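Trainee: If you're matching them up, the sequences are chains A and B in order. Counting from 11, one number per residue, gives the positions in the first sequence under the numbering used here. Counting from 511, one number per residue, gives the positions in the second sequence under the numbering used here.
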Amino acid sequence: MENKGGREFIWIASVVVVLAIFLGSIAYALRLGYSVASEVSVMPLEKAAGLFQPGVKDLGDGRYQVDIIAFLWGFRPARVELNNPREIILRIYSNDVIHGFQIVGTNVNVMVIPGYIATVIWRPPQNINGTLLVICNEYCGIGHSGMYMEIVIKR
Amino acid sequence: MISERAFIRVSIIFSYIVLALGGLFGFLQLVSRTPRAPKLVDESQYYAILTGHGVLLAILWTAFFILGLAVFVVSSELGKPFRRSLLAVSVILAILGTAIASYPIIWGLLIGEPTMGAVLYTFYPPLTAHPAFYIGLALVLIGSWVFAASVFDVFIRWRKENRGIAIPLGTFGVLATLIIWLEATPGLAIEVLYDLIPMSLFGKRVDVLLDRTLFWYFGHPLVYFWLVPAITAWYALIPRILNTELYSTRAAKLALVIFILTSTPVGLHHQFADPGLNVAWKYLHTVLTFAVSLGSFLTAFNVIMTLAHAGILRGGSGLFGWISRLPWKDPVFSSITLAFILLGLGGVGGIVNASLNLNNVVHNTTWVVGHFHTTVGGAVTLTFIGISYLLAPVLLGRSIASQPMARIQPYLWFIGLVVFSIAYHIAGIYSAPRRTYDYSYGGLSPSMWEPLLQIGMIGGLIFWISGVLFISNILLTPFIGRPAPKLDGASILGANGSNEKATLLDRISLWVIIAVILIIIAYTLPIAELLGRGLSPAICITPAGIKPFT
Chain A
11 MENKGGREFI
21 WIASVVVVLA
31 IFLGSIAYAL
41 RLGYSVASEV
51 SVMPLEKAAG
61 LFQPGVKDLG
71 DGRYQVDIIA
81 FLWGFRPARV
91 ELNNPREIIL
101 RIYSNDVIHG
111 FQIVGTNVNV
121 MVIPGYIATV
131 IWRPPQNING
141 TLLVICNEYC
151 GIGHSGMYME
161 IVIKR
Chain B
511 MISERAFIRV
521 SIIFSYIVLA
531 LGGLFGFLQL
541 VSRTPRAPKL
551 VDESQYYAIL
561 TGHGVLLAIL
571 WTAFFILGLA
581 VFVVSSELGK
591 PFRRSLLAVS
601 VILAILGTAI
611 ASYPIIWGLL
621 IGEPTMGAVL
631 YTFYPPLTAH
641 PAFYIGLALV
651 LIGSWVFAAS
661 VFDVFIRWRK
671 ENRGIAIPLG
681 TFGVLATLII
691 WLEATPGLAI
701 EVLYDLIPMS
711 LFGKRVDVLL
721 DRTLFWYFGH
731 PLVYFWLVPA
741 ITAWYALIPR
751 ILNTELYSTR
761 AAKLALVIFI
771 LTSTPVGLHH
781 QFADPGLNVA
791 WKYLHTVLTF
801 AVSLGSFLTA
811 FNVIMTLAHA
821 GILRGGSGLF
831 GWISRLPWKD
841 PVFSSITLAF
851 ILLGLGGVGG
861 IVNASLNLNN
871 VVHNTTWVVG
881 HFHTTVGGAV
891 TLTFIGISYL
901 LAPVLLGRSI
911 ASQPMARIQP
921 YLWFIGLVVF
931 SIAYHIAGIY
941 SAPRRTYDYS
951 YGGLSPSMWE
961 PLLQIGMIGG
971 LIFWISGVLF
981 ISNILLTPFI
991 GRPAPKLDGA
1001 SILGANGSNE
1011 KATLLDRISL
1021 WVIIAVILII
1031 IAYTLPIAEL
1041 LGRGLSPAIC
1051 ITPAGIKPFT
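(1) Would residue 132 (chain A) pass as an interface residue toward chain B - the criterion being a Cβ-Cβ separation below 8 Å?
(2) Using alpha carbons as the reference points, say which of B:553, B:533 and B:769 lies closest to residue 154 (chain A).
(3) Where does the unbroken alpha helix (DSSP H) through residue 658 (chain B) begin, and where does it stop?
(4) With a CB to CB cut of under 6 Å and the five nearest residues on each side skipped, what residues in its chain are close to residue 820 (chain B)?
(5) Check whether the Cβ of residue 702 (chain B) lies closer than 7 Å to any heavy atom of the ligand ZN, and answer yes or no.
(6) Tell me whether the beta-carbon of residue 564 (chain B) lies closer than 8 Å to the beta-carbon of residue 631 (chain B).
(7) Tell me the rounded alpha-carbon separation between residue 50 (chain A) and residue 785 (chain B).
(8) Give the straight-line distance between the Cα atoms of residue 1063 (chain B) and residue 526 (chain B), rounded to the nearest whole angstrom.
(9) Using 8 Å as the threshold, is the C-beta distance between residue 573 (chain B) and residue 654 (chain B) below it?
(10) Opposite residue 51 (chain A) in the DSSP bridges: which residues?
(11) For residue 31 (chain A), which residues in chain B fall below 8 Å Cβ to Cβ?
(12) With residue 114 (chain A) as the anchor, note down where its beta strand (DSSP E) starts and where it stops.
(13) Mind listing, in chain order, the continuous alpha helix (DSSP H) runs of no fewer than 4 residues lying wholly within the region 999 to 1056 of chain B?
(14) How is residue 859 (chain B) classed by DSSP in three states: helix, strand or coil?
(15) Just verifying my parser: in three-state terms, what is the DSSP assignment at residue 70 (chain A)?
(16) How would you write the range of the beta strand (DSSP E) that residue 99 (chain A) sits in, first residue to last?
(17) Going by DSSP, what residue range makes up the alpha helix (DSSP H) through residue 792 (chain B)?
(18) For residue 1033 (chain B), tell me which candidate among B:1058, B:939, B:601 and B:778 has the shortest Cα-Cα distance.
(19) Evaluate residue 12 (chain A) with the Cβ neighbour count: other Cβ atoms within 10 Å of its Cβ, from every protein chain shown; 16 or more gives buried, anything less gives exposed.
(20) Below 6 Å CB to CB, which residues in the same chain sit around residue 725 (chain B) once its five sequence neighbours on both sides are set aside?
(21) Whole angstroms is fine: what's the gap from residue 1041 (chain B)'s alpha carbon to residue 129 (chain A)'s?
(22) Please name the residue, chosen from B:541, B:521 and B:913, that lies closest to residue 601 (chain B) on a Cα-to-Cα basis.
(23) For residue 88 (chain A), count neighbouring C-beta atoms within 10 Å of its own C-beta (all shown protein chains included) and say buried if the count is 16 or more, exposed if not.
(24) Tell me, which residues are paired with residue 93 (chain A) by DSSP?
(25) Can you tell me which residues form a DSSP beta bridge with residue 726 (chain B)?
(26) Helix or strand or just coil, what does DSSP make of residue 138 (chain A)?
(27) Would you mind telling me which residues of chain B sit closer than 8 Å to residue 140 (chain A), beta carbon to beta carbon, in chain order?
(28) Which chain A residues sit within Cβ distance under 7 Å of residue 945 (chain B)?
(29) Would you say residue 22 (chain A) reaches chain B, if we count a Cβ-Cβ gap shorter than 8 Å as a contact?
(30) Rounded to whole angstroms, what is the Cα-Cα separation between residue 734 (chain B) and residue 1019 (chain B)?
(31) If you measure between the beta carbons of residue 677 (chain B) and residue 1016 (chain B), is that distance less than 8 Å?
(32) Run through DSSP, which three-state label would residue 539 (chain B) get?
(33) Does chain B have any CB closer than 8 Å to the CB of residue 94 (chain A)?
(34) How big is the Cα-Cα spacing for residue 1031 (chain B) and residue 597 (chain B)?
(35) Taking a contact to mean a Cβ-Cβ separation below 8 Å, would you say residue 77 (chain A) touches residue 101 (chain A) in this structure?
(36) Spell out whether any CB of chain A is found under 8 Å from the CB atom of residue 780 (chain B).
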């Protein structure tokens, strides 16, 4: 049954075309603006206590910087309120183990690696408002399932 | 010193013990995490059991079955004896390593200290387990290298006497599997030997981002270490069962070559959500992951064409008429073919996982759990179940205890898996997290999670029951199975010393060189980025939140 005109190569060529379309659309989406963390800065565990303070900074014009500490087992601050945000710079730090930071129902989903500050820039769509649940989505020990916080967006 | 036959028996029967225990753990954690279902275990036990489920099934059940299967295939096809000392050393190291690595999990559960071994099967530092966990894994790893040496030893001796002859397809698959393993395991070896064992023994501080990168350098090719044997089995067995030929042997070998080339330089697609790795490298790994999917697409085509031809030869007509003519009542055929369909489901989801912006929606959600249950739990495990029905006479000298039970079992597995994984995929799109004991989150969790997780549990229970049917069927076979005529491997695989000429595809060393070049390209850049920024070592902590060395 070998070699009936090499139909397998026609098939492979069609698959390559489909995959190339997928890759092109991913590249296009990246050009539109990819608001997920590829930014990181080193923050040694010993220095973090003095240099990284959790809290919200209003940068004006609808921009906020939110600094969050992820720890065993919770987030500090545990609740953040933002007034009509246009752009949120989320900086999340862990000084114990790996945690996750996922805003449920959005594509904000980042690993928080101990010793590093993860930075995500998120421009929440206008239809997002009210209380958003943020969960730790990386296993971090026996209290893992109780680790969550809230972000409240007021429009 | 053990014979090939004894090796095959020991490793495959041991794999069934591992499967049974891993399955029990699966049942306990599945029910415990489902909203409104009874909590069979408490939170700290849950994570130890989840660790056991992952380590036993994803790493050990697959590995032990593959070791036995590889010796069966290579000794039947090449007709050359293995060095018995190498076989003995490898199986002893692997079983000893398994026992040592399981000790903190199982003993920890028994004495009420479940956090001894609760680091899950990805064991990301700085969470730390009892040192035995890492030492046992290292022994399994060394055993697997000795095993690879034993297969290459046989192959090289065969090659010397058969220059210019094409490598038989089954052996080609085994070689591809072991090459992938040897490409991948250095990453794990460096992580475990250099960082994790010293961390758990002496409290060495480790850089977590670097260790995650090393882990996933190994972690994704591991998937192909499971999958390539299953795919090879489809190529080798489906034509035998249907009494026909494979549509294209050339395309089959090409698919295996694609796996050799691109199964390793793709690990960053597990780290799309990791900060600190440039998006350019992530995109490169997306491209390479799409390239590795070509091997699966090619397999899909080849297998479907083979099935269609067989169906048409049996009188099927029209576009789909061939389907009903296939031997769906034969448990070997149905297991393998249903496994093949599950790989289709897993493959489509895999394309989503590999697309770096879509991955952001599903990373670390139940979507991922749904995905790998269709692949390792579906495509791989159901294929191995089918092979078990075929090999029972060889392994146990008897045909399977209950043929009717064997006939139903693959369908139950398939239905259960489809229900489980579709529900978990959808829950994942709604951000339901994986690896968590409790989904309530102070009453804030989306209302869609609960019903989807409950449907998932029903699916999970269906394929768990199917697993119980399989294990009990195997268990009963030595006692009530009818004595079967002694089959030898060559007659099952149809290996009768074909004299086909070798082609470019048979030049394995060439493919290995290209694979190594691809790996160097794909990993030099991210590793240089990590080291160039400067590391930031963390302090180890137990899952109970205790720092054991400060």
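Glycine included, each C-beta is placed from N, C-alpha and C at the ideal position. Since the structure is predicted, the reported quantities are computational estimates derived from the model, not experimental observations.
Mentor: According to the structure shown:
(1) No, its Cβ sits nowhere closer than 8 Å to a Cβ of chain B.
(2) Ranking B:553, B:533 and B:769 by Cα distance to residue 154 (chain A) puts B:553 first.
(3) Annotation: the continuous alpha helix (DSSP H) that includes residue 658 (chain B) extends over 641 to 671.
(4) When the five nearest sequence neighbours on each side are left out, the beta carbons in the same chain lying within less than 6 Å of the beta carbon of residue 820 (chain B) are those of 752 and 754, in order along the chain.
(5) This structure does not include the ligand ZN; it has no bound ligands of any sort.
(6) Closer than 8 Å, so yes.
(7) In a straight line, the C-alpha of residue 50 (chain A) is about 6 Å away from that of residue 785 (chain B).
(8) Residue 1063 (chain B) lies beyond the range of chain B shown here (511 to 1060); nothing can be said about it.
(9) Between residue 573 (chain B) and residue 654 (chain B), the CB-CB gap stays under 8 Å.
(10) In the DSSP secondary-structure assignment, residue 51 (chain A) is bridged to A:127.
(11) Simply none; closest approach about 11 Å.
(12) Segment: none, residue 114 (chain A) is in no beta strand (DSSP E) and carries neither H nor E.
(13) As summarised for the region 999 to 1056 of chain B, the continuous alpha helix (DSSP H) elements at least 4 residues long and confined to that stretch are 999 to 1003 and 1018 to 1043, given in chain order.
(14) In the structure shown, residue 859 (chain B) sits in a helix (DSSP, three-state: H, G or I).
(15) Residue 70 (chain A) falls in the strand class under three-state DSSP.
(16) Here the beta strand (DSSP E) through residue 99 (chain A) covers 97 to 104.
(17) Run containing residue 792 (chain B): 789 to 823, per the alpha helix (DSSP H) assignment.
(18) Nearest C-alpha to residue 1033 (chain B): B:778.
(19) Legend: pLDDT at residue 12 (chain A) = 46, less than 50; position of this residue unreliable, value from coordinates given subsequently. So residue 12 (chain A) counts as exposed.
(20) So the list reads 701, once near-sequence residues are dropped.
(21) So the two alpha carbons sit approximately 19 Å from each other.
(22) Cα-wise, what sits closest to residue 601 (chain B) is B:521.
(23) Taking all protein chains in view, the Cβ of residue 88 (chain A) is surrounded by fewer than 16 other Cβ atoms within 10 Å, so the residue is classified as exposed.
(24) In DSSP, residue 93 (chain A) forms a bridge with A:164.
(25) In the DSSP assignment, no residue is bridged to residue 726 (chain B).
(26) Three-state result, residue 138 (chain A): coil.
(27) When 8 Å is used as the limit between beta carbons, residue 140 (chain A) is near no residue of chain B, the shortest such separation being about 11 Å.
(28) Result: 149.
(29) Taking Cβ atoms only, chain B reaches closer than 8 Å to residue 22 (chain A), which makes this a yes.
(30) Near 19 Å, if we compare the C-alpha coordinates of residue 1019 (chain B) and residue 734 (chain B).
(31) Closer than 8 Å, so yes.
(32) Assignment of residue 539 (chain B) by DSSP, reduced to helix, strand and coil, places it in the helix class.
(33) For residue 94 (chain A), the answer is no, since every Cβ of chain B falls outside 8 Å of its Cβ.
(34) One C-alpha to the other measures close to 35 Å.
(35) Against a cut-off of 8 Å, the Cβ pair of residue 101 (chain A) and residue 77 (chain A) comes out as a contact.
(36) Judged by the 8 Å Cβ criterion, residue 780 (chain B) is not in contact with chain A.
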